[in-house]
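Encoded as structure tokens, the structure appears first; notes follow it.
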Amino acid sequence: MKGCLRPLYAAFLLAGVSASALAAEPGIERLSEAVAKAVAENPEVLSRYHQLMASSDESRAAFGQYLPQLDLSAQIGDEYRERPDYLAPRDFERDGYSVTLRQSIFRGFAVQGDHQRAEFVERGRFQELAGISEELALATTRTFLDIQRYRELVTLAQTNYDNHKSLFDRLQQRAQAGVSRAVDLEQATGRLALAQANLITEKANLNDVESRFLRLVGASAGKNLGPVPELVGALPDEAVLADWAGQSPNIQASLAFLEAAKKAVTVAKSHRYPQLELRARKDLGNDLDGLQGTYDTEVVELVLNYNLYNGGSSEAQVSRRRNEENYARDLRDKACRELGQTVAIARNDFAKLSEQKEYLAQHQASTSKVRDAYFQQFDLGQRSLLDLLDTENELFQARRAMVNAQFDWQIAKARVLAAFGRLLPALQVQGLAANMPMEVTKPFPAPLMDPCVQAR
Numbered sequence: 001m002k003g004c005l006r007p008l009y010a011a012f013l014l015a016g017v018s019a020s021a022l023a024a025e026p027g028i029e030r031l032s033e034a035v036a037k038a039v040a041e042n043p044e045v046l047s048r049y050h051q052l053m054a055s056s057d058e059s060r061a062a063f064g065q066y067l068p069q070l071d072l073s074a075q076i077g078d079e080y081r082e083r084p085d086y087l088a089p090r091d092f093e094r095d096g097y098s099v100t101l102r103q104s105i106f107r108g109f110a111v112q113g114d115h116q117r118a119e120f121v122e123r124g125r126f127q128e129l130a131g132i133s134e135e136l137a138l139a140t141t142r143t144f145l146d147i148q149r150y151r152e153l154v155t156l157a158q159t160n161y162d163n164h165k166s167l168f169d170r171l172q173q174r175a176q177a178g179v180s181r182a183v184d185l186e187q188a189t190g191r192l193a194l195a196q197a198n199l200i201t202e203k204a205n206l207n208d209v210e211s212r213f214l215r216l217v218g219a220s221a222g223k224n225l226g227p228v229p230e231l232v233g234a235l236p237d238e239a240v241l242a243d244w245a246g247q248s249p250n251i252q253a254s255l256a257f258l259e260a261a262k263k264a265v266t267v268a269k270s271h272r273y274p275q276l277e278l279r280a281r282k283d284l285g286n287d288l289d290g291l292q293g294t295y296d297t298e299v300v301e302l303v304l305n306y307n308l309y310n311g312g313s314s315e316a317q318v319s320r321r322r323n324e325e326n327y328a329r330d331l332r333d334k335a336c337r338e339l340g341q342t343v344a345i346a347r348n349d350f351a352k353l354s355e356q357k358e359y360l361a362q363h364q365a366s367t368s369k370v371r372d373a374y375f376q377q378f379d380l381g382q383r384s385l386l387d388l389l390d391t392e393n394e395l396f397q398a399r400r401a402m403v404n405a406q407f408d409w410q411i412a413k414a415r416v417l418a419a420f421g422r423l424l425p426a427l428q429v430q431g432l433a434a435n436m437p438m439e440v441t442k443p444f445p446a447p448l449m450d451p452c453v454q455a456r
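Count the sequence shown with the UniProt record's numbering and you get residues 1 to 456, in order.
Here is the structure:
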């Protein structure tokens, strides 16, 4: 049992050493740098990139069906024959070669259908890669902002704790001098403990998001994170929202796979047609068929093949492909609905937080003035300890709400951009497949977007 646990212990130890080494390196301080590194090195993105490269190879392989097939075969060997018309058994040293050229002329539209199917799959894989890159960019942006958020919240919690500690020290001195009551000191002790618990919680939250950043980016966050680029100007208004919907990577991928499924139906139905092939063959050999001498054969022919019955397997394949087409259509409709929901929620959050920020800022400023006034009145005996503790806590909560609203507002902007495949361009970051040919990256035409417009 101990021998079995040793490799597992070594793996955990190595992972811990690797994480410590990464954390010791200079951290990333710019959002665009973090997103670029994540998109270029994250294993999930790399797996989709290799899927795209495999689909490109599949597309090239499917195109090869248009071209002729040339085969060469050669043989040499000894042959022993014993026949009634031979006076004695005979040995032959036979040899020869054959060159065969095949050119498909018609295969029931299977060649064209399979090539087009492979091209649509390639386009779908490209959009999948773009989609996962946008999702990773959004996750990285959210984590980058959360680190900034919780660093500010830790600072606020530390300030809140220091203020409570200062108030506790003043009350302790007043209690020792007989000016304040013991119950007031007990209240201050409880509020001080709560402030310390809040500080511990914020530090734990900061540690969590820094670990998440390390997982997503593969590097630790720097001590002085730079500002997030302004994204407001990149957001669409209602007039262009429908046009942007067509550029969503998830929508484009679902459309590509739907078109690929349609072409797969075309390929499956090819058995209903005859197949016509051109063949040219040259055979040259010596001492073949038990006769000594040289054989030279040249053949050019058209070969027609028409399957009449194969047990119903071909029709079952057609039915299967049609069901797969319906499945792809359902996935397209699902993607359209999800896009509409994501965008609606993100835009509502953006509008709500834009309006809330003004009121939260006003609340924070007013609460700060009230807190200062309460302290002055407390020294004059016009305010109780409970008043001080309440206004200190209210100011802390107002500041927390303001910080959260500011960062949630920026995350809402990023969510809208990512849903439409616009977050990477807004951050001026290129994806892994930025240099793919236009035939792969071009979006689908507007008529195919009608179901998505209706779903909105």
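Each residue gets a CB set at the ideal place from its N, CA and C atoms; glycine is no exception.
Fill in: Simplified DSSP state of PHE106, which is helix, strand or coil
The count along the sequence shown starts at 1 and reaches residue 106 at position 106. Strand.
Practice prompt. Please report the Cβ distance between ALA335 and ASN250, rounded to the nearest whole angstrom; I am assuming they are in contact, meaning their Cβ atoms lie under 8 Å.
Written response: As a first step, residue 335 must be located in the sequence shown, where it is residue number 335. As a first step, residue 250 must be located in the sequence shown, where it is residue number 250. Yes, ALA335 and ASN250 are in contact; Cβ-Cβ is about 5 Å, under 8 Å.
Worksheet item: Contact check, LEU386 vs GLN187 under 8 Å by CB: the rounded distance?
Response: To locate residue 386, count along the sequence shown from 1; it is residue 386. To locate residue 187, count along the sequence shown from 1; it is residue 187. With 8 Å as the limit, LEU386 and GLN187 qualify as a contact, their Cβ atoms being about 7 Å apart.
Worksheet item: So does the stretch 27-38 actually touch the stretch 424-444, counting three or more Cβ pairs closer than 8 Å?
Response: yes
Discussion item. Please state the DSSP three-state secondary structure of ALA15.
Written reply: Walking along the sequence shown from the start, residue 15 turns up at place 15. Model confidence at ALA15 stands at a pLDDT of 48, short of 50, so the residue's coordinates are unreliable and nothing is read from them.
Item to complete: Return the first residue and the last residue of the beta strand (DSSP E) that GLN75 is part of.
Response: As a working note, residue 75 is residue 75 in the sequence shown. It spans 69-81 - the beta strand (DSSP E) in which GLN75 sits, taken as one unbroken run.
Discussion item. Tell me whether the stretch 266-284 and the stretch 307-325 touch, counting them as touching only if at least three CB pairs, one residue from each stretch, are closer than 8 Å.
Written reply: Output reads yes: the stretch 307-325 touches the stretch 266-284.
Worksheet entry | Beta-carbon proximity of TYR161 to ALA195, cut-off 9 Å | Taking the first residue of the sequence shown as 1, we reach residue 161 at position 161. Taking the first residue of the sequence shown as 1, we reach residue 195 at position 195. Taking the C-beta atoms as reference points, ALA195 is found nearer than 9 Å to TYR161.
Worksheet item: Beta-carbon separation of ARG102 and ALA54 under 9 Å?
Response: Against the sequence shown, residue 102 aligns to sequence position 102. Against the sequence shown, residue 54 aligns to sequence position 54. Against a cut-off of 9 Å, the Cβ pair of ALA54 and ARG102 comes out as no contact.
Item to complete: Ignore the nearest five residues each way along the sequence and tell me which others in GLN51's own chain have a CB closer than 6 Å to its CB.
Response: Your numbering for residue 51 matches position 51 in the sequence shown. Cβ within range, chain order: ARG125.
Worksheet item: Among the residues of its own chain, which have a CB less than 6 Å from the CB of PHE106, if the five just before and after it don't count?
Response: Here the question's residue 106 lines up with position 106 in the sequence shown. Answer for PHE106: LEU276, listed in chain order.
Discussion item. Starting from VAL265, trace the alpha helix (DSSP H) in both directions and tell me its first and last residue.
Written reply: Taking the sequence shown and counting its residues from 1, one reaches residue 265 at position 265. Here the alpha helix (DSSP H) through VAL265 covers 249-268.
Fill in: Three or more C-beta pairs below 8 Å linking the stretch 316-335 and the stretch 248-262
yes
Practice prompt. Note down the Cα distance separating ALA280 from ASN435, rounded to an integer number of angstroms.
Written response: Looking up residue 280 in the sequence shown gives position 280. Looking up residue 435 in the sequence shown gives position 435. The C-alpha of ASN435 is placed about 41 Å away from the C-alpha of ALA280.
Worksheet item: Can SER354 and PRO229 be called in contact, C-beta distance under 9 Å?
Response: Along the sequence shown, one-based indexing puts residue 354 at 354. Along the sequence shown, one-based indexing puts residue 229 at 229. Cβ atoms of SER354 and PRO229: not closer than 9 Å.
Worksheet item: Between the C-alpha atoms of GLU315 and GLU82, what's the straight-line distance to the nearest angstrom?
Response: Counting from 1 along the sequence shown, the entry for residue 315 is found at position 315. Counting from 1 along the sequence shown, the entry for residue 82 is found at position 82. If I take the Cα positions, the gap works out to 50 Å.
Item to complete: Flag this pair as touching only if the stretch 139-150 and the stretch 57-77 have three or more C-beta atom pairs under 8 Å; answer yes or no.
Response: no
Practice prompt. Kindly identify the DSSP beta-bridge partner or partners of ARG279.
Written response: Here residue 279 corresponds to residue number 279 of the sequence shown, with the count starting at 1. The partner list for ARG279 (beta bridge, DSSP) reads ARG102 and GLU301.
Practice prompt. Evaluate the contact criterion for the stretch 122-141 versus the stretch 392-408: three or more CB pairs, one atom per stretch, below 8 Å.
Written response: Between the stretch 122-141 and the stretch 392-408, the count of Cβ pairs shorter than 8 Å is below three; the stretches do not touch.
Item to complete: May I have the straight-line CA-CA distance separating ALA110 from ASN323, to the nearest angstrom?
Response: Counted from its first residue, the sequence shown places residue 110 at position 110. Counted from its first residue, the sequence shown places residue 323 at position 323. Approximately 19 Å between the Cα atoms of the pair.
Practice prompt. Flag this pair as yes or no: are the beta carbons of LEU185 and ALA197 separated by less than 9 Å?
Written response: Locating residue 185 in the sequence shown gives position 185, where the first residue counts as 1. Locating residue 197 in the sequence shown gives position 197, where the first residue counts as 1. Not in contact: LEU185 and ALA197 (Cβ atoms no closer than 9 Å).
Discussion item. According to DSSP, simplified to helix, strand and coil, what is LEU22?
Written reply: Taking the sequence shown and counting its residues from 1, one reaches residue 22 at position 22. For LEU22, the pLDDT reaches just 46, beneath the cut-off of 50, and the residue's location in the model is therefore unreliable, although a value from the coordinates is still provided. Three-state DSSP puts LEU22 in a helix.
Worksheet item: Closest to THR100 by CA distance: which of GLY113, LEU278 and ASP390 is it?
Response: Here residue 100 refers to the residue found at position 100 of the sequence shown. The option with the nearest alpha carbon to THR100 is LEU278.
Worksheet entry | Straight-line Cα distance separating ARG117 from LEU22 | Residue 22 sits at position 22 when you count from the first residue of the sequence shown. Residue 117 sits at position 117 when you count from the first residue of the sequence shown. For LEU22, the predicted structure reports a pLDDT of 46, less than 50, and the residue's modelled location is therefore unreliable. The matter cannot be settled from this model.
Discussion item. Distance check for ARG422 and ALA239, CA to CA, integer angstroms please.
Written reply: In the sequence shown, the residue the question calls residue 239 occupies position 239. In the sequence shown, the residue the question calls residue 422 occupies position 422. Caution is warranted here: a pLDDT of 49 is assigned to ALA239, below 50, making its placement in the model unreliable, and no coordinate value can be reported.
Item to complete: Pull up the distance between the alpha-carbon of LEU389 and that of PRO443, whole angstroms please.
Response: In the sequence shown, counting from the first residue as 1, residue 389 sits at position 389. In the sequence shown, counting from the first residue as 1, residue 443 sits at position 443. Rounded to the nearest angstrom, the two C-alpha atoms are 60 Å apart.
Discussion item. Using DSSP's beta-bridge definition, name the partner residues of ASP91.
Written reply: Indexing the sequence shown from 1 puts residue 91 at position 91. ASP91 is bridged to TYR80.
Discussion item. For GLY113, count the other beta carbons within 10 Å of its own beta carbon; 16 or more makes it buried, fewer makes it exposed. Which is it?
Written reply: For the purposes of this step, residue 113 is identified with residue 113 of the sequence shown, where counting begins at 1. Classification for GLY113: buried.
Discussion item. Run through the DSSP bridge pairs and tell me what THR294 is partnered with.
Written reply: Along the sequence shown, one-based indexing puts residue 294 at 294. BP columns for THR294 point to ASN286.
Worksheet entry | Three-state secondary structure assigned by DSSP to TYR309 | Counting from 1 along the sequence shown, the entry for residue 309 is found at position 309. In the structure shown, TYR309 sits in coil (DSSP, three-state: anything other than H, G, I, E or B).
Worksheet item: When DSSP builds the beta bridges, which residues end up paired with ILE28?
Response: In the sequence shown, counting from the first residue as 1, residue 28 sits at position 28. ILE28 pairs with ALA221.
Practice prompt. Starting from GLY96, follow its DSSP beta bridges and name the residues at the other end.
Written response: For this step, residue 96 is matched to residue 96 along the sequence shown. BP columns for GLY96 point to GLN75 and GLY285.
Worksheet item: How would you call LYS369, buried or exposed, if buried means at least 16 neighbouring beta carbons within 10 angstroms?
Response: Counted from its first residue, the sequence shown places residue 369 at position 369. Result: exposed.
Discussion item. Just verifying my parser: in three-state terms, what is the DSSP assignment at LYS369?
Written reply: Locating residue 369 in the sequence shown gives position 369, where the first residue counts as 1. The answer is helix: DSSP assigns LYS369 an H, G or I state.
Discussion item. Using only the alpha-carbon positions, how far apart do LYS165 and PHE375 sit?
Written reply: Mapped onto the sequence shown, residue 165 falls at position 165. Mapped onto the sequence shown, residue 375 falls at position 375. Spanning the two alpha carbons is a distance of roughly 15 Å.
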